[in-house]
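Asks: Under my numbering, think of the first position of the sequence shown as 36, with each following residue one higher.
Where a beta carbon is used, it is the ideal one built from N, C-alpha and C, also for glycine.
Shown below is the structure under consideration.
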Amino acid sequence: MAAELVEAKNMVMSFRVSDLQMLLGFVGRSKSGLKHELVTRALQLVQFDCSPEVFKKIKELYETRYNKKGSEVAPPPPAPPRAEALPLHSSYERGGAVARSLPAAGIDYPALYGKYLNGLGRLPPKVAKPEVRLVKLPFYTTLDELLKPTELVPQNNEKLQESPCIFALTPRQVELIRNSRELQPGVKSVQVVLRICYTDTSSPQEDQYPPNIAVKVNHSYCSVPGYYPSNKPGVEPKRPCRPINLTHLMYLSAATNRITVTWGNYGKSYSVGLYLVRQMTSAELLQRLKTIGIKHPELCKALVKEKLRLDPDSEIATTGVRVSLICPLVKMRLSVPCRAETCAHLQCFDAVFYLQMNEKKPTWMCPVCDKPAPYDQLIIDGLLSKILTECEDADEIEYLVDGSWCPIRAEKERSCSPQCPILVLGSSEVNGLLATANGTGENGKAPADVVDLTLDSSSSEEDEEEDEEEEDDDEGPQPKRRCSYEKGLVSAC
Numbered sequence: 036m037a038a039e040l041v042e043a044k045n046m047v048m049s050f051r052v053s054d055l056q057m058l059l060g061f062v063g064r065s066k067s068g069l070k071h072e073l074v075t076r077a078l079q080l081v082q083f084d085c086s087p088e089v090f091k092k093i094k095e096l097y098e099t100r101y102n103k104k105g106s107e108v109a110p111p112p113p114a115p116p117r118a119e120a121l122p123l124h125s126s127y128e129r130g131g132a133v134a135r136s137l138p139a140a141g142i143d144y145p146a147l148y149g150k151y152l153n154g155l156g157r158l159p160p161k162v163a164k165p166e167v168r169l170v171k172l173p174f175y176t177t178l179d180e181l182l183k184p185t186e187l188v189p190q191n192n193e194k195l196q197e198s199p200c201i202f203a204l205t206p207r208q209v210e211l212i213r214n215s216r217e218l219q220p221g222v223k224s225v226q227v228v229l230r231i232c233y234t235d236t237s238s239p240q241e242d243q244y245p246p247n248i249a250v251k252v253n254h255s256y257c258s259v260p261g262y263y264p265s266n267k268p269g270v271e272p273k274r275p276c277r278p279i280n281l282t283h284l285m286y287l288s289a290a291t292n293r294i295t296v297t298w299g300n301y302g303k304s305y306s307v308g309l310y311l312v313r314q315m316t317s318a319e320l321l322q323r324l325k326t327i328g329i330k331h332p333e334l335c336k337a338l339v340k341e342k343l344r345l346d347p348d349s350e351i352a353t354t355g356v357r358v359s360l361i362c363p364l365v366k367m368r369l370s371v372p373c374r375a376e377t378c379a380h381l382q383c384f385d386a387v388f389y390l391q392m393n394e395k396k397p398t399w400m401c402p403v404c405d406k407p408a409p410y411d412q413l414i415i416d417g418l419l420s421k422i423l424t425e426c427e428d429a430d431e432i433e434y435l436v437d438g439s440w441c442p443i444r445a446e447k448e449r450s451c452s453p454q455c456p457i458l459v460l461g462s463s464e465v466n467g468l469l470a471t472a473n474g475t476g477e478n479g480k481a482p483a484d485v486v487d488l489t490l491d492s493s494s495s496e497e498d499e500e501e502d503e504e505e506e507d508d509d510e511g512p513q514p515k516r517r518c519s520y521e522k523g524l525v526s527a528c
């Protein structure tokens, strides 16, 4: 039956409009419309309602057409499907085999079958077009491509469109999903995900949802990531466009799964693709980075020398550059110093927290220079990692011209030290100081006169005037001035 189904599809694809109308009229279906619409109906008839009478009618029409054209050679019978074909519906795999057996026809039969049966596009042209490509996601490792990115084409003038897709998993894929570990209760690490992007073949596209998107898997709707709330007035909230996990709503068996994408038709063109992926965690990406992404300390030292090399065209010579040992993301000491190779600075951030933040909300932007820092461009600074183990009591270092380094802690400690020593009243040092102030110093000698240079001339004149007034005043002694020193302390300056 499977071979007959493939043969019937092959014959229907070679029919003219008159043949298609006769076939559709034979089963009582509508014969109106353009050729690609007639082909769509005929292929759906073969896929879902191919009775022996219908197959006999298709064979008669095919033989009648080729008997009239003796010069034409009928296409050879289709080859059996390969075991390692693309993991689409079985009919798509057979379509791939038919395409390989008819290289001279110039028609992409697998894409044609997939687009017609999935209802995701129109008749493709004979000239091959560039395919839509999606960007690689660090947290998703692609295992199989279930459906290549296929354009969502509106079927009418309505704003809300529906595009169905039918496919089945192979036994190997089902086993991969069932035997995979759970990232969290009910969420497997091996997943079937739906990705949507703009239909643009110029460069790899990022995930982008169309307006009014809804995804229905078999008989249940799948949850789609919602919008991030915006705290800024007048700024529209943004939606994180991520792969949509469909695994928990699928039939993990040989049964076919039906996916319906509802989307808003507002002028922009979108494409959808289905993939079997393995979702990674931030800890796994960190371990991979430690395995293949460490830059040797000598290479990092050479980079420091390059940064501080004397520029003959510049009038300013840089003798050193300071690097903080505190992560700019979480304001904690670095544990795994990391930066992107495309960044021009030597300052690093912590790879642990950077990967955790992008696991929750993927932005992949450098927290130092605010430029793209994708995962495949990250490196671990081997020189700074070595410095972190050797310098545990400083939060900042300085790289010198020769590639060496020195901690900054000495200057910090000097700046924090008190300028004048503080003495406690009652100690021997204070008593000696007070005795010297009373007029007798060591060895009974009179102390030398001390001039306070911090006082200006105006203040000295005011003091002389006050002394004269005190001598002329016969009323009695003036009250003593209070000492400005804090209680229990005296300055030694």
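Below 8 Å, can you find three or more Cβ-Cβ pairs linking the segment 218-233 to the segment 279-291?
Replies: Output reads yes: the segment 279-291 touches the segment 218-233.
Asks: Between the beta-carbon of Asn-253 and the beta-carbon of Arg-293, is there less than 8 Å?
Replies: Looking up residue 253 in the sequence shown gives position 218. Looking up residue 293 in the sequence shown gives position 258. Yes. Within cutoff.
Asks: For Glu-341 and Ile-415, I'd like the C-alpha separation in whole angstroms.
Replies: As a first step, residue 341 is located in the sequence shown; it is residue number 306 there, counting from the start. As a first step, residue 415 is located in the sequence shown; it is residue number 380 there, counting from the start. Rounded to the nearest angstrom, the two C-alpha atoms are 18 Å apart.
Asks: Over what stretch of residues does the beta strand (DSSP E) that includes Lys-183 continue unbroken?
Replies: For the purposes of this step, residue 183 is taken as the residue at position 148 of the sequence shown. Start and end: 175-186.
Asks: Can you tell me the Cα-Cα spacing of Gln-14 and Ser-370, whole angstroms?
Replies: Lying outside 36 to 528, the shown extent of the chain, residue 14 is not represented and no answer is given.
Asks: Per DSSP, what kind of secondary structure is Thr-353 in: helix, strand or coil?
Replies: Translated into positions along the sequence shown, residue 353 becomes position 318. Coil, per DSSP.
Asks: Between which two residues does the beta strand (DSSP E) carrying Val-52 extend?
Replies: Position 17 of the sequence shown holds residue 52. Not the beta strand (DSSP E): Val-52 falls in the alpha helix (DSSP H), residues 52-61.
Asks: Is the beta carbon of Leu-423 sitting closer than 8 Å to the one on Phe-388?
Replies: Reading the sequence shown from its first residue, position 388 is the one you call residue 423. Reading the sequence shown from its first residue, position 353 is the one you call residue 388. No, the pair does not count as a contact, with Cβ atoms beyond the cut-off.
Asks: What separation, rounded to the nearest whole angstrom, lies between the Cα atoms of Asp-411 and Pro-173?
Replies: Position 376 of the sequence shown, counted from the first residue, corresponds to residue 411. Position 138 of the sequence shown, counted from the first residue, corresponds to residue 173. Spanning the two alpha carbons is a distance of roughly 8 Å.
Asks: Between Pro-246 and Tyr-263, how many whole angstroms is the CB-CB distance? I'm expecting something under 8 Å.
Replies: Within the sequence shown, the letter at position 211 stands for residue 246. Within the sequence shown, the letter at position 228 stands for residue 263. Wrong, their Cβ atoms sit about 17 Å apart, outside the cutoff.
Asks: Ordered along the chain, which non-local residues of its own chain (more than five positions away) have a Cβ less than 8 Å from that of Val-356?
Replies: Along the sequence shown, read from residue 1 onward, the residue named residue 356 stands at position 321. Result list for Val-356: Val-339, Lys-342, Leu-343, Leu-381, Glu-433 and Tyr-434, in chain order.
Asks: At 4 residues or longer, and completely inside the segment 240-327: list those alpha helix (DSSP H) runs for me, N to C.
Replies: With a minimum length of 4 residues, the continuous alpha helix (DSSP H) runs that stay inside the segment 240-327 are 317-327.
Asks: Note down the Cα distance separating Leu-78 from Lys-406, rounded to an integer number of angstroms.
Replies: Stepping through the sequence shown from its first residue, residue 78 is reached at position 43. Stepping through the sequence shown from its first residue, residue 406 is reached at position 371. Looking at the two C-alpha atoms, the distance is approximately 50 Å.
Asks: So, helix, strand or coil for Val-169, using DSSP?
Replies: For this step, residue 169 is matched to residue 134 along the sequence shown. For clarity, residue 169 is Leu in the given sequence; the question names Val instead. If DSSP states are grouped into helix, strand and coil, Leu-169 belongs with the strands.
Asks: Taking only three categories from DSSP, how would you classify Gln-190?
Replies: For the purposes of this step, residue 190 is taken as residue 155 along the sequence shown, with counting starting at 1. In this structure, Gln-190 counts as coil in the three-state DSSP scheme.
Asks: Tell me whether Val-47 is buried or exposed, calling it buried when 16 or more other Cβ atoms sit within 10 Å of its Cβ.
Replies: As a first step, residue 47 must be located in the sequence shown, where it is residue number 12. Val-47 should be labelled buried.
Asks: Rounded to whole angstroms, how far is the Cβ of Tyr-97 from the Cβ of Val-312, which I believe are closer than 8 Å?
Replies: The residue you call residue 97 lines up with position 62 of the sequence shown. The residue you call residue 312 lines up with position 277 of the sequence shown. No, Tyr-97 and Val-312 are not in contact; Cβ-Cβ is about 41 Å, not under 8 Å.
Asks: Just how far apart, CA to CA, sit Cys-401 and Arg-374?
Replies: Counting from one through the sequence shown, the residue named residue 401 turns up at place 366. Counting from one through the sequence shown, the residue named residue 374 turns up at place 339. Rounded to the nearest angstrom, the two C-alpha atoms are 8 Å apart.
Asks: Nearest-angstrom Cα distance between Arg-444 and Ala-429?
Replies: Taking the sequence shown and counting its residues from 1, one reaches residue 444 at position 409. Taking the sequence shown and counting its residues from 1, one reaches residue 429 at position 394. Arg-444 and Ala-429: Cα-Cα distance of roughly 5 Å.
Asks: With Ser-67 as the anchor, note down where its beta strand (DSSP E) starts and where it stops.
Replies: By 1-based counting over the sequence shown, the position of residue 67 is 32. No beta strand (DSSP E) contains Ser-67, which DSSP labels as neither H nor E.
Asks: Run the CB neighbour count on Cys-362, radius 10 Å, all protein chains shown included, and call it buried at 16 or more, exposed below.
Replies: Mapped onto the sequence shown, residue 362 falls at position 327. Buried, by the Cβ-count rule.
Asks: By how many angstroms is the C-alpha of Ile-329 removed from the C-alpha of Met-367?
Replies: Locating residue 367 in the sequence shown gives position 332, counting from the first residue. Locating residue 329 in the sequence shown gives position 294, counting from the first residue. Those two C-alpha atoms are separated by around 21 Å.
Asks: Just tell me which of Pro-372, Leu-80 and Trp-399 has its CA closest to the CA of Ser-420.
Replies: As a first step, residue 420 is located in the sequence shown; it is residue number 385 there, counting from the start. Considering only alpha carbons, the answer is Pro-372.
Asks: Is it true that the CB of Val-74 sits closer than 8 Å to the CB of Leu-40?
Replies: One-based indexing of the sequence shown puts residue 40 at position 5. One-based indexing of the sequence shown puts residue 74 at position 39. For Leu-40 and Val-74, no; Cβs fall outside 8 Å.
Asks: So, with DSSP's three-state summary, where would you put Asp-385?
Replies: Locating residue 385 in the sequence shown gives position 350, where the first residue counts as 1. If DSSP states are grouped into helix, strand and coil, Asp-385 belongs with the strands.
Asks: I'd like the list of long-range same chain contacts for Thr-236, defined as Cβ closer than 8 Å, with 5 residues on each side in sequence excluded.
Replies: Against the sequence shown, residue 236 aligns to sequence position 201. Contacts found: Lys-164, Pro-165, Glu-166, Val-167 and Arg-168.
Asks: Which same chain residues, not among the five before or five after Leu-287, have their C-beta less than 8 Å away from its C-beta?
Replies: Within the sequence shown, the letter at position 252 stands for residue 287. Correct list, in chain order: Leu-204, Val-209, Ile-212 and Arg-213.
Asks: By Cβ distance, which residues of its chain are closer than 6 Å to Thr-297, with the 5 residues on each side in sequence left out?
Replies: Taking the sequence shown and counting its residues from 1, one reaches residue 297 at position 262. Closer than 6 Å at Cβ, skipping near neighbours: Glu-197 and Ala-249.
Asks: Around the C-beta of Gly-269, are 16 or more other C-beta atoms found within 10 angstroms, so that it is buried, or is it exposed?
Replies: Locating residue 269 in the sequence shown gives position 234, where the first residue counts as 1. By the neighbour-count rule (16 or more Cβ atoms within 10 Å), Gly-269 is not buried but exposed.
Asks: In terms of residues, what are the limits of the beta strand (DSSP E) holding Ser-198?
Replies: Taking the sequence shown and counting its residues from 1, the one referred to as residue 198 is at position 163. Start and end: 195-202.
Asks: Leu-181 and Tyr-310 - do their beta-carbons sit closer together than 8 Å?
Replies: Your numbering for residue 310 matches position 275 in the sequence shown. Your numbering for residue 181 matches position 146 in the sequence shown. Yes, the Cβ-Cβ distance between Tyr-310 and Leu-181 is below 8 Å.
Asks: By Cβ distance below 6 Å, which residues in the same chain neighbour Lys-396 in space, the five residues on each side in sequence not counted?
Replies: On the sequence shown, position 361 is the one that residue 396 refers to. Excluding residues within five positions, none has a Cβ falling inside 6 Å.
Asks: Between the Cα of Val-307 and the Cα atoms of Cys-441, Thr-185 and Arg-323, which residue gives the shortest distance?
Replies: Taking the first residue of the sequence shown as 1, we reach residue 307 at position 272. The residue with the shortest Cα to Cα distance from Val-307 is Thr-185.
Asks: Quick check: is the beta carbon of Leu-338 nearer than 8 Å to any beta carbon in chain C?
Replies: Here there is only one protein chain, and chain C is not present.
Asks: Where Cys-378 and His-71 are concerned, what is the direct C-alpha to C-alpha distance, given to the nearest angstrom?
Replies: If you number the sequence shown from 1, residue 378 lands on position 343. If you number the sequence shown from 1, residue 71 lands on position 36. Cα to Cα, the separation comes out at about 52 Å.
Asks: Grab me the residues of Trp-440's own chain with a C-beta within less than 7 Å of its C-beta, minus the 5 sequence neighbours each way, in chain order.
Replies: Reading the sequence shown from its first residue, position 405 is the one you call residue 440. For Trp-440, where only same-chain residues beyond five positions count, the Cβ hits under 7 Å are Ile-422, Ile-432, Glu-433 and Tyr-434.
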